[in-house]
Amino acid sequence: MKTFTKEEFRELLEKKVRDKRTKTLEETTDKDLFYAIASIIKDSINEASIETKQRYINNKKRQVSYLSMEFLIGRLIESNLINTGFKKVCDEVLADLGRKPRDVYGEEQDAGLGNGGLGRLAACFLDSIASLGYAGHGFGIRYRYGLFEQRIVSGSQIELPDNWLREVYPWETRKIDEAIEVKFGGEADFTVEDNHYQFHYRDQEVVLAVPYDVGIVGYENDVVNTLRLWSAEVPENAVSPEQYKNQLEYMQSVEKISGFLYPDDSTEEGRFLRLKQQYFLVSSTIQTLIRRFKSQYDMPIEQFHEKNVIQINDTHPTFGIPELMRILMDEEGLSWEEAWSITSHTFAYTNHTIMQEALEKWPVEMVKRVSPRIYMIIHEINERFCKQVFDEHEELRDRISELAVISDDVIHMSKLAIVGSYSVNGVAALHSDIIKDYTFHDFYRLTPEKFNNKTNGITHRRWLMGANPGLTDLITDAIGDHWIKSPVELNQLLRYQNDNGFLDRLAEVKLQNKKILQDVIYKKTGIEVNEHSIFDVQVKRLHEYKRQLLNIFHVIHLYNEIKRNPKLKMVPQTFIFGAKAAPSYHLAKEIIRLIHLVGDLVNEDKDVAGRIKVVFLENYNVTLAEYIMPAAEISEQISTASMEASGTGNMKMMMNGAVTLGTMDGANVEIAELVGKENILIFGLSSEEVISYQNEGGYQANDIYQTDDRLKSILDGLKDGRYAKGETFSDIYYRILTNNDPYFILKDFTSYLETHIKAVTLYENKQTWNKMSLVNIAQSGKFSSDRTINEYATDIWKLI
Ligand code: 26V
Numbered sequence: 000m001k002t003f004t005k006e007e008f009r010e011l012l013e014k015k016v017r018d019k020r021t022k023t024l025e026e027t028t029d030k031d032l033f034y035a036i037a038s039i040i041k042d043s044i045n046e047a048s049i050e051t052k053q054r055y056i057n058n059k060k061r062q063v064s065y066l067s068m069e070f071l072i073g074r075l076i077e078s079n080l081i082n083t084g085f086k087k088v089c090d091e092v093l094a095d096l097g098r099k100p101r102d103v104y105g106e107e108q109d110a111g112l113g114n115g116g117l118g119r120l121a122a123c124f125l126d127s128i129a130s131l132g133y134a135g136h137g138f139g140i141r142y143r144y145g146l147f148e149q150r151i152v153s154g155s156q157i158e159l160p161d162n163w164l165r166e167v168y169p170w171e172t173r174k175i176d177e178a179i180e181v182k183f184g185g186e187a188d189f190t191v192e193d194n195h196y197q198f199h200y201r202d203q204e205v206v207l208a209v210p211y212d213v214g215i216v217g218y219e220n221d222v223v224n225t226l227r228l229w230s231a232e233v234p235e236n237a238v239s240p241e242q243y244k245n246q247l248e249y250m251q252s253v254e255k256i257s258g259f260l261y262p263d264d265s266t267e268e269g270r271f272l273r274l275k276q277q278y279f280l281v282s283s284t285i286q287t288l289i290r291r292f293k294s295q296y297d298m299p300i301e302q303f304h305e306k307n308v309i310q311i312n313d314t315h316p317t318f319g320i321p322e323l324m325r326i327l328m329d330e331e332g333l334s335w336e337e338a339w340s341i342t343s344h345t346f347a348y349t350n351h352t353i354m355q356e357a358l359e360k361w362p363v364e365m366v367k368r369v370s371p372r373i374y375m376i377i378h379e380i381n382e383r384f385c386k387q388v389f390d391e392h393e394e395l396r397d398r399i400s401e402l403a404v405i406s407d408d409v410i411h412m413s414k415l416a417i418v419g420s421y422s423v424n425g426v427a428a429l430h431s432d433i434i435k436d437y438t439f440h441d442f443y444r445l446t447p448e449k450f451n452n453k454t455n456g457i458t459h460r461r462w463l464m465g466a467n468p469g470l471t472d473l474i475t476d477a478i479g480d481h482w483i484k485s486p487v488e489l490n491q492l493l494r495y496q497n498d499n500g501f502l503d504r505l506a507e508v509k510l511q512n513k514k515i516l517q518d519v520i521y522k523k524t525g526i527e528v529n530e531h532s533i534f535d536v537q538v539k540r541l542h543e544y545k546r547q548l549l550n551i552f553h554v555i556h557l558y559n560e561i562k563r564n565p566k567l568k569m570v571p572q573t574f575i576f577g578a579k580a581a582p583s584y585h586l587a588k589e590i591i592r593l594i595h596l597v598g599d600l601v602n603e604d605k606d607v608a609g610r611i612k613v614v615f616l617e618n619y620n621v622t623l624a625e626y627i628m629p630a631a632e633i634s635e636q637i638s639t640a641s642m643e644a645s646g647t648g649n650m651k652m653m654m655n656g657a658v659t660l661g662t663m664d665g666a667n668v669e670i671a672e673l674v675g676k677e678n679i680l681i682f683g684l685s686s687e688e689v690i691s692y693q694n695e696g697g698y699q700a701n702d703i704y705q706t707d708d709r710l711k712s713i714l715d716g717l718k719d720g721r722y723a724k725g726e727t728f729s730d731i732y733y734r735i736l737t738n739n740d741p742y743f744i745l746k747d748f749t750s751y752l753e754t755h756i757k758a759v760t761l762y763e764n765k766q767t768w769n770k771m772s773l774v775n776i777a778q779s780g781k782f783s784s785d786r787t788i789n790e791y792a793t794d795i796w797k798l799i
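Residue numbers for the sequence shown, in numbering that gives the first Met the number 0: 0 to 799.
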């Protein structure tokens with residue numbers, strides 16, 4: 000990659016604003032500057048991308064394709080500046096112009112093509128794959144509208160469309176010459192020719208998948224990989240099929256395929272569209288991979304799997320398995336056995352949840368409508384698989400109905416993914432154990448060698464170097480910059496555990512970050528928070544299992560304590576929330592409303608006098624997270640044990656020096672192991688206890704309600720509105736009391752409270768707290784996604 004002096008960069012910038020924005024530097028707005036800088040970076044990226052591609056082709060590299068329905072990449076400008084090495088020069092030039100880099104970079108729209116952890120993980124992985132120099136590319140969908148923009152009106156969530164493409168997206172390149180035809184529906188039948196089935200398709204709907212490529216820049220290593228996002232268009236000269244009234248209706252129905260991230264799944268039409276999206280992604284991608292294999296490698300198609308591995312991010316791209324089978328058999332003329340051998344050596348599947356309601360299942364009838372041929376192949380996979388179990392595994396014969404990919408006219412996508420993949424991994428040690436011992440236990444008995452763990456990670460380049468320059472400088476001043484290429488070396492910081500001078504500087508960095516967030520909070524909500532209060536943070540999607548409800552119950556409890564004893568001494572605490580609820584998830588939306596109304600009550604009550612504050616930051620997204628993570632002091636990771644597969648926010652906050660207050664769930668378990676029990680605040684039931692209650696019973700929420708006055712008051716308050724300005728929340732009340740508190744909120748309440756008391760006590764002793772914070776940063780190197788990706792590359796992808 001080129002390097003620039005300050006003068007050269009300024010000159011280039013000047014030229015770009017003239018060429019692209021027809022302005023002089025002095026006339027530019029922040030937006031002009033953003034586009035000009037992006038264009039400079041893009042030129043360098045394009046060069047390096049051509050070279051990277053050529054290198055991979057020349058070396059006949061084995062390549063990994065990361066297929067995901069979600070890529071939550073956020074803004075790219077800062078991370079591209081860091082990785083190209085232009086950041087320092089660019090910051091300086093902007094400063095010379097009297098401009099604030101943060102404001103200029105802030106002109107970029109977040110690309111919010113994902114819901115939460117799963118999509119952000121995919122984005123962190125791409126950053127690490129490129130930074131480690133692996134030949135790996137992402138494939139996803141270029142949704143016209145990303146995850147909805149959240150607004151709060153009178154405490155309730157409203158969803159607005161996320162029109163992220165309103166202005167030009169400067170990082171993408173449309174590649175119409177590499178467009179692919181994806182064929183939906185119609186009918187498939189076959190004739191037998193030369194002992195071979197020949198498939199014939201009729202009345203298919205042809206959709207053009209047009210690729211938009213986004214360069215993924217490696218950290219100072221001249222590597223630029225690609226994230227290919229597919230957009231659905233009507234093929235040129237296509238005549239509207241019969242089912243459409245006219246050409247316009249036809250066009251709209253085609254463009255809908257890449258219209259929205261996660262169409263409304265409460266209607267049949269929405270679910271069908273989601274299914275079409277999945278097939279659209281895998282068909283366009285796999286056709287491309289086959290095409291590239293043929294043109295770039297001088298090898299027979301039988302060796303496809305030697306040069307290709309396809310990692311599927313959850314089950315959403317699982318139709319890739321039958322799609323590869325289809326192409327190999329129907330287009331390449333291979334036999335079932337040959338095609339199956341290639342396919343089942345190509346795919347690797349990552350599971351991201353054990354929650355039953357989140358495990359994908361599709362009705363046979365719907366899959367047939369998307370592609371009858373794909374259904375035929377899945378049916379055949381299932382038949383052969385069940386027969387094989389029957390013939391070869393007597394010990395599992397009575398489990399065949401559990402193992403079957405299709406049962407009761409429903410296709411179980413996780414089972415199809417396991418059967419068709421050579422690797423199945425969970426995303427944290429505990430989660431991978433639960434998969435083996437419970438969720439997919441029968442499959443584990445059948446093929447134990449497939450199962451493995453890959454604990455998640457986050458890119459330290461974005462989440463530490465990009466988001467927290469103050470801490471980055473402090474670390475580098477102390478231990479040099481080796482840790483940047485080798486994050487486990489952050490543990491060198493342990494040397495400073497008892498260095499009061501260093502701990503003071505660490506606290507000063509945190510305070511500065513809290514002031515920046517304080518400002519953001521004020522601008523967004525009008526709430527004034529005390530920068531010396533404890534910043535206690537829970538930011539993540541809203542789900543009952545994540546237990547934002549437990550958090551707000553704690554706040555209500557503190558409020559009650561203050562009201563009972565207005566003179567009560569209390570270390571000031573600010574409870575910060577950020578969470579989007581799925582538009583059709585009524586209870587999650589009720590919890591958002593509750594947080595707001597309790598917040599209003601607490602923040603306005605004179606008796607409380609600033610001891611506690613509640614802040615809900617609307618529209619939590621990657622950019623907001625970049626302000627929140629560096630300022631967090633207590634990281635709330637309080638899911639019901641066994642239910643959070645990993646969590647990645649926990650890692651982001653740890654790396655920025657927050658102390659985790661959480662359950663022994665997901666990756667919290669590994670955080671606890673690393674920092675030791677004196678540097679983490681653990682509470683609540685263990686995963687074994689939760690699973691045992693679920694399976695054997697023995698928990699009565701009502702008993703706790705009847706005997707615990709604190710909880711009785713909180714719950715009754717939900718019905719009579721005493722904590723919510725008269726507004727009531729009976730759905731939450733009944734969910735807990737008539738469904739027997741499925742997430743064990745009442746059960747864990749007491750130990751949660753006690754742990755908070757402990758946290759506050761520790762916080763009061765400044766140096767003790769700072770030391771805890773330091774140990775967390777020092778041990779966070781394991782959670783760099785570079786470690787995770789090296790494990791994938793070695794154990795699963797066999798890239799080295
Ligand atoms: C979705 C749903 C939807 C219906 C209600 C219950 C429920 C439960 C979980 C999910 C999440 C589906 C997949 C997912 O996003 N998993 C997340 O993946 C992250 C990256 O591996 C991981 O850190 C999170 O723990 C996991 O929830």
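Cβ coordinates follow ideal geometry from the N, Cα and C atoms, glycine included.
Within 8 angstroms, strictly: CB atoms of residue i and residue j
i, j, result
"residue 279", "residue 208", "yes"
"residue 139", "residue 228", "yes"
"residue 24", "residue 11", "no"
"residue 666", "residue 427", "yes"
"residue 111", "residue 176", "no"
"residue 181", "residue 282", "yes"
"residue 348", "residue 260", "no"
Neighbourhood of residue i by C-beta, 6 angstroms cutoff - its chain only, sequence neighbours within 5 removed
i, result
"residue 759", "570"
"residue 439", "none"
"residue 691", "none"
"residue 80", "86 and 89"
"residue 67", "121, 139 and 312"
"residue 469", "508 and 511"
"residue 506", "769"
"residue 435", "443 and 450"
"residue 300", "331"
"residue 723", "596"
Neighbourhood of residue i by C-beta distance below 7 angstroms, restricted to the same chain and skipping five residues each side
i, result
"residue 528", "517, 520, 573, 612 and 614"
"residue 150", "157, 159 and 617"
"residue 376", "321, 324 and 325"
"residue 83", "0, 40, 43 and 216"
"residue 619", "538, 577, 578 and 579"
"residue 609", "529 and 571"
Bridge partners - residue i, DSSP secondary structure assignment
i, result
"residue 188", "199"
"residue 150", "157"
"residue 108", "Partner(s): none; residue 108 has no beta bridge."
"residue 468", "Paired residues: none, contrary to the question."
"residue 137", "65 and 226"
"residue 411", "360"
"residue 279", "Its beta-bridge partners do not exist; DSSP assigns none."
"residue 207", "180 and 232"
"residue 145", "161"
"residue 660", "635 and 680"
"residue 22", "Answer is none; residue 22 lacks a bridge partner."
"residue 620", "Paired residue(s): none; residue 620 is not in a bridge."
Own chain partners of residue i with C-beta closer than 8 angstroms, once the 5 adjacent residues on each side are dropped
i, result
"residue 352", "313, 358 and 644"
"residue 271", "365, 368 and 369"
Just list the beta strand (DSSP E) runs in the segment 712-775, keeping only unbroken ones of 3 residues or longer that don't cross its boundaries, in chain order. none
Which complete beta strand (DSSP E) runs does the segment 529-602 hold, if anything under 3 residues is left out? 533-538 and 572-577
In chain order, what are the residues with a CB under 6 angstroms from some non-hydrogen atom of the ligand 26V? 115, 116, 117, 120, 313, 351, 352, 354, 356, 357, 426, 455, 542, 643, 644, 645, 646, 647 and 665
Unbroken stretches of the beta strand (DSSP E), 3 residues or longer, contained in the segment 317-382: 346-349 and 360-362
Fully enclosed by the segment 66-92, which alpha helix (DSSP H) runs are 4 residues long or longer? 76-83
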